[in-house]
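Quick note, the sequences are listed as chains V and G, same order. Each residue of the first sequence is one higher than the last, beginning at 31 in my numbering. Each residue of the second sequence is one higher than the last, beginning at 654 in my numbering. This report concerns only the one structure given below.
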Amino acid sequence: MHFNTFDHYQEHGTWIHRLDPRVKVLVTAGFIVSMALLPDGAWLAYALSWGLVMGLAMAAQIEPWFVIKRSLLILPFLLAAVTVVFTLPGRMLWQGPWGLTISEAGLVRFLSIVLRSWISVQMAILLTATTRFPDVLHALRHLYVPAILVSILSFMYRYLFVLVDEASRLMRARTARSAQLPGMKSGRSLWWRAAVAGNMIGQLFSRSLERSEEVYRAMLARGYQGELLTMNPHHMTAFDWQILSLAGLLIIMLQGAGRIL
Amino acid sequence: MPVFHHLTPPQSPSQTDNDRVPLVSVEDLAFNYHDGLPALQGVSFTISQGEKVALVGPNGAGKSTLMLHLNGLLGGEEAPVRISGLAMARENLPLIRARVGLVFQNPDDQLFSPTVFDDVAFGPLYMGYDEVEVHRRVEQALEQVGMTGFESRLSHHLSVGQKKRVAIATVLSMEPDILVLDEPTSALDPRGRRALMDLLQALPLTMLVSSHDMRLVRELFPRMIILDEGRIVADGATEVLLADAALLDAHGLEAP
Chain V
31 MHFNTFDHYQ
41 EHGTWIHRLD
51 PRVKVLVTAG
61 FIVSMALLPD
71 GAWLAYALSW
81 GLVMGLAMAA
91 QIEPWFVIKR
101 SLLILPFLLA
111 AVTVVFTLPG
121 RMLWQGPWGL
131 TISEAGLVRF
141 LSIVLRSWIS
151 VQMAILLTAT
161 TRFPDVLHAL
171 RHLYVPAILV
181 SILSFMYRYL
191 FVLVDEASRL
201 MRARTARSAQ
211 LPGMKSGRSL
221 WWRAAVAGNM
231 IGQLFSRSLE
241 RSEEVYRAML
251 ARGYQGELLT
261 MNPHHMTAFD
271 WQILSLAGLL
281 IIMLQGAGRI
291 L
Chain G
654 MPVFHHLTPP
664 QSPSQTDNDR
674 VPLVSVEDLA
684 FNYHDGLPAL
694 QGVSFTISQG
704 EKVALVGPNG
714 AGKSTLMLHL
724 NGLLGGEEAP
734 VRISGLAMAR
744 ENLPLIRARV
754 GLVFQNPDDQ
764 LFSPTVFDDV
774 AFGPLYMGYD
784 EVEVHRRVEQ
794 ALEQVGMTGF
804 ESRLSHHLSV
814 GQKKRVAIAT
824 VLSMEPDILV
834 LDEPTSALDP
844 RGRRALMDLL
854 QALPLTMLVS
864 SHDMRLVREL
874 FPRMIILDEG
884 RIVADGATEV
894 LLADAALLDA
904 HGLEAP
């Protein structure tokens, strides 16, 4: 079950899947930086960028709906940006209690932030849907991301599954003993159940900690010196270079569309 | 006289009930893993009050899967499993879990609370007993497994043998009708194994215990069910089955 929960990779064997992972990581990073740099209210450039993401998804035979559904995950994080609606000076649209005012500029900026983050996340989802996670990590290493960061990412990815397994086993054990006798009220109070759940989370944490120490010792025992080595040769082909250049060009054009049009 | 159990049976079934309704009845149970591979096929058996039954078979035979069905953790509402006549309907599950004390193979899966006391008290607390009764049950359960005095110890700092004992105490405190133990002696040293065998011998409960430990099976369990590739291939008196060298050999088992 966990592979559906966390692993977005979908094997389709399209040209996008076959691209060198470095190209995909670079283009994704470039695209996200470009999205961040686009000015507020550049709606046409946002639409074009989104069109690009959707076009790539279709070329990779990934359901656009899959990408959109996964991207909804970021919505709660956008709450952090909601303050700009009230804090940016500009033409007032609405005046509420406690001196709260909504300015036009604030609203435009908030919507721009929402759209830009949302489109950026969709691109990142597309990357993980078309590239195996170890390949992404390998590409990051080639692109001079510090080894320690890549190691952290790779362990997070590896042990996420272990952790989910552990958590589901703990919950199964709790279910197995959540019993009732005829004529007696079971389950106690919400507060008591919450306390049990809290204890379980604590257990999960201390077990993870112990597990990580064991894993680290096992790694040291096999000669780990701070660098994860892989045997996954990547060769940039002419096609890879062409796509990289084309993508770079497109990103510059998107910037142009956002600033000039 | 036909007996029809529709509603929840009384808390302590009378002797006549025991005669008619087996504690556990499984009829033509089938289960597939998520990938579609069959885990259990056509499994049928009954266990009566007071029986001590061993469940043996090679790794991957479906022993643990079968045990999870007895507690309603697998199989869903339609599972052809009955506990004291109770079907696996959603509303019956809490009652069934009060009757079936399931202990997982790995005690780390069983113990989810910070201290030994919390873990052994979880079942009775959940069932709604008051503090006095919970303390009495925890004390009694720990005494039964020989772990008196460990109440405030941290579960994850115990030895494997101690964890196994506490794991059994966590369901004993619920005073179930049947103990279902998944490989209770695995990973134990000889002394721990001996102590556990003595413990199982002393417990006056109905039991279904899976094991690879054929000496344990011979010593403690008059009846034995052999499961292989998801099917019951033999169900009978342990002495008889253990004497059948060809049968044991065909299913990867060794006579003690």
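Note that the Cβ used here is the ideal one computed from N, Cα and C, for glycine as well. From a predicted model like this one, the values you see are computed outputs, not experimental measurements.
Are any of the Cβ atoms in chain V nearer than 8 Å to that of G:E892?
-> As a first step, residue 892 of chain G is located in the second sequence; it is residue number 239 there, counting from the start. No, its Cβ sits nowhere closer than 8 Å to a Cβ of chain V.
Under 9 Å by beta carbon: chain G residues contacting V:R237 = The count along the first sequence starts at 1 and reaches residue 237 of chain V at position 207. Here the neighbours are D761 and H809.
Have a look at V:D50 and V:M266 and give me their C-alpha separation to the nearest angstrom.
-> For this step, residue 50 of chain V is matched to residue 20 along the first sequence. For this step, residue 266 of chain V is matched to residue 236 along the first sequence. Rounded to the nearest angstrom, the gap between the Cα atoms of V:D50 and V:M266 is 6 Å.
Any heavy atom of the ligand FAD within a distance shorter than 7 Å of the CB on V:M249?
-> Absence of the ligand FAD is noted for the structure shown, with no ligands found whatsoever.
G:L858 and G:I831: beta carbons closer than 8 Å?
-> Reading the second sequence from its first residue, position 205 is the one you call residue 858 of chain G. Reading the second sequence from its first residue, position 178 is the one you call residue 831 of chain G. Yes, they are a contact pair.
In its own chain, which residues sit with a C-beta less than 7 Å from the C-beta of V:L86, not counting the 5 before and 5 after it?
-> By 1-based counting over the first sequence, the position of residue 86 of chain V is 56. If we look at V:L86 and ignore the five residues flanking it on each side, its Cβ neighbours are I46 and L156.
Cα-Cα separation between G:L834 and G:A774, rounded to whole angstroms | Here the question's residue 834 of chain G lines up with position 181 in the second sequence. Here the question's residue 774 of chain G lines up with position 121 in the second sequence. The alpha-carbon atoms of G:L834 and G:A774 are separated by roughly 19 Å.
Which residues share a DSSP beta bridge with G:R735?
-> For this step, residue 735 of chain G is matched to residue 82 along the second sequence. Residue pairing of G:R735 in beta bridges, as defined by DSSP: G:S678.
How is V:R161 classed by DSSP in three states: helix, strand or coil?
-> Position 131 of the first sequence holds residue 161 of chain V. One point to set straight first is that residue 161 of chain V is Thr, not Arg, in the sequence displayed. V:T161 falls in the coil class under three-state DSSP.
G:A751: contacting residues in chain V (beta-carbon distance under 8 Å) = As a working note, residue 751 of chain G is residue 98 in the second sequence. Ordered by position in chain V, the residues that pass the 8 Å Cβ test against G:A751 are A209, Q210 and L211.
V:Q210, DSSP secondary structure in three states | Taking the first sequence and counting its residues from 1, one reaches residue 210 of chain V at position 180. Correct three-state label for V:Q210: coil.
Top-ranked residue by Cα proximity to G:S678, from G:L719, G:G713, G:D688 and G:A714 | In the second sequence, the residue the question calls residue 678 of chain G occupies position 25. It is G:L719.
Any C-beta of chain G sitting closer than 8 Å to the C-beta of V:V192?
-> Numbered from 1 along the first sequence, position 162 holds the residue referred to as residue 192 of chain V. Not closer than 8 Å to any Cβ of chain G, the Cβ of V:V192 fails to qualify, so no.
Does the Cβ-Cβ distance between G:Q758 and G:T823 come in under 8 Å?
-> Counting from one through the second sequence, the residue named residue 758 of chain G turns up at place 105. Counting from one through the second sequence, the residue named residue 823 of chain G turns up at place 170. Not closer than 8 Å, so no.
Go ahead and pull the three-state DSSP assignment for G:R884.
-> What you label residue 884 of chain G is simply residue 231 of the second sequence in a count that begins at 1. Correct three-state label for G:R884: strand.
Residues, ordered as in the chain, of the segment 196-207 of chain V that lie near chain G by beta-carbon distance below 7 Å = So the list reads R199, L200, R202, A203, R204, T205, A206 and R207, given in the order they occur along the chain.
Hey, would you say V:G288 sits closer than 8 Å to V:G60, going by beta carbons?
-> Taking the first residue of the first sequence as 1, we reach residue 288 of chain V at position 258. Taking the first residue of the first sequence as 1, we reach residue 60 of chain V at position 30. No. Outside cutoff.
For G:K705, which three-state DSSP category applies?
-> As a first step, residue 705 of chain G must be located in the second sequence, where it is residue number 52. Three-state result, G:K705: strand.
Would you check if the segment 681-694 of chain G and the segment 848-862 of chain G touch, i.e. whether three or more CB-CB distances between them fall below 8 Å?
-> In short, these stretches do not touch, since the Cβ pair count stays below three.
Compare the C-alpha of V:M153 against each of V:L56, V:L167, V:S64 and V:V83 and name the closest.
-> For the purposes of this step, residue 153 of chain V is taken as residue 123 along the first sequence, with counting starting at 1. Across the set V:L56, V:L167, V:S64 and V:V83, the C-alpha of V:V83 shows the shortest separation from the C-alpha of V:M153.
Determine the closest residue to G:V798 out of G:V819, G:A707, G:E804 and G:M741, with distance taken between C-alpha atoms.
-> Locating residue 798 of chain G in the second sequence gives position 145, where the first residue counts as 1. Residue nearest to G:V798 within the set G:V819, G:A707, G:E804 and G:M741 is G:V819 (criterion: CA-CA distance).
How about V:S198 and G:P747: do their beta carbons lie closer than 8 Å?
-> Working through the first sequence from its first residue, we reach residue 198 of chain V at position 168. Working through the second sequence from its first residue, we reach residue 747 of chain G at position 94. Note that the C-beta distance between V:S198 and G:P747 is not below 8 Å.
Going by C-alpha distance, which of V:I290, V:W80 and V:Q40 is nearest V:T158?
-> Position 128 of the first sequence, counted from the start, is the residue given in the question as residue 158 of chain V. It is V:Q40 whose Cα lies nearest to the Cα of V:T158.
List the residues of chain V whose Cβ lies closer than 7 Å to the Cβ of G:N724, in chain order.
-> Numbered from its first residue, the second sequence carries residue 724 of chain G at position 71. Within chain V, the C-beta atoms nearer than 7 Å to that of G:N724 come from A206, in chain order.
Can you pull the DSSP bridge partners for G:R876?
-> The residue given as residue 876 of chain G occupies position 223 in the second sequence. G:V706 and G:A890, per the DSSP bridge assignment.
Please state whether DSSP places G:D835 in a helix, a strand or coil.
-> Against the second sequence, residue 835 of chain G aligns to sequence position 182. Strand at G:D835.
Name the two residues that bound the continuous alpha helix (DSSP H) containing G:M720.
-> By 1-based counting over the second sequence, the position of residue 720 of chain G is 67. Taken as a continuous stretch (DSSP letters only), the alpha helix (DSSP H) holding G:M720 covers K716 to L723.
Grab the span of the alpha helix (DSSP H) containing G:Q797 for me, first residue to last.
-> Taking the first residue of the second sequence as 1, we reach residue 797 of chain G at position 144. Segment E784 to Q797, the alpha helix (DSSP H) holding G:Q797.
Going by alpha carbons, who is nearest to G:T699 out of G:S737, G:L690, G:G728 and G:L721?
-> Here residue 699 of chain G is taken as the residue at index 46 of the second sequence, counted from 1. Cα-wise, what sits closest to G:T699 is G:S737.
Residues of the segment 222-233 of chain V with Cβ closer than 8 Å to any Cβ of chain G, in chain order = Those would be W222, V226, N229, M230, G232 and Q233, in chain order.
Can you find a C-beta in chain G that's less than 8 Å from the C-beta of V:S216?
-> The sequence position of residue 216 of chain V within the first sequence is 186, counting from 1. Answer yes: the Cβ-Cβ gap between V:S216 and chain G drops below 8 Å somewhere.
Interface residues of chain V facing G:P767 [CB-CB closer than 9 Å] | Looking up residue 767 of chain G in the second sequence gives position 114. Ordered by position in chain V, the residues that pass the 9 Å Cβ test against G:P767 are N229, G232, Q233 and S236.
Does G:G776 get closer than 8 Å to chain V when you measure Cβ to Cβ?
-> Here the question's residue 776 of chain G lines up with position 123 in the second sequence. Interface residue, yes.
To which residues of the same chain is G:M860 closer than 6 Å at the C-beta, ignoring the five residues directly before and after it?
-> Within the second sequence, numbered from 1, the residue matching residue 860 of chain G stands at position 207. Closer than 6 Å at Cβ, skipping near neighbours: K705 and L832.
Is G:P747 close to chain A, meaning its C-beta is less than 8 Å from at least one C-beta of that chain?
-> Given the protein chain composition of this structure (V and G), no chain A is represented.
CB G:T838 to CB G:D881, shorter than 8 Å?
-> Reading the second sequence from its first residue, position 185 is the one you call residue 838 of chain G. Reading the second sequence from its first residue, position 228 is the one you call residue 881 of chain G. No, these two residues do not count as a Cβ contact at 8 Å.
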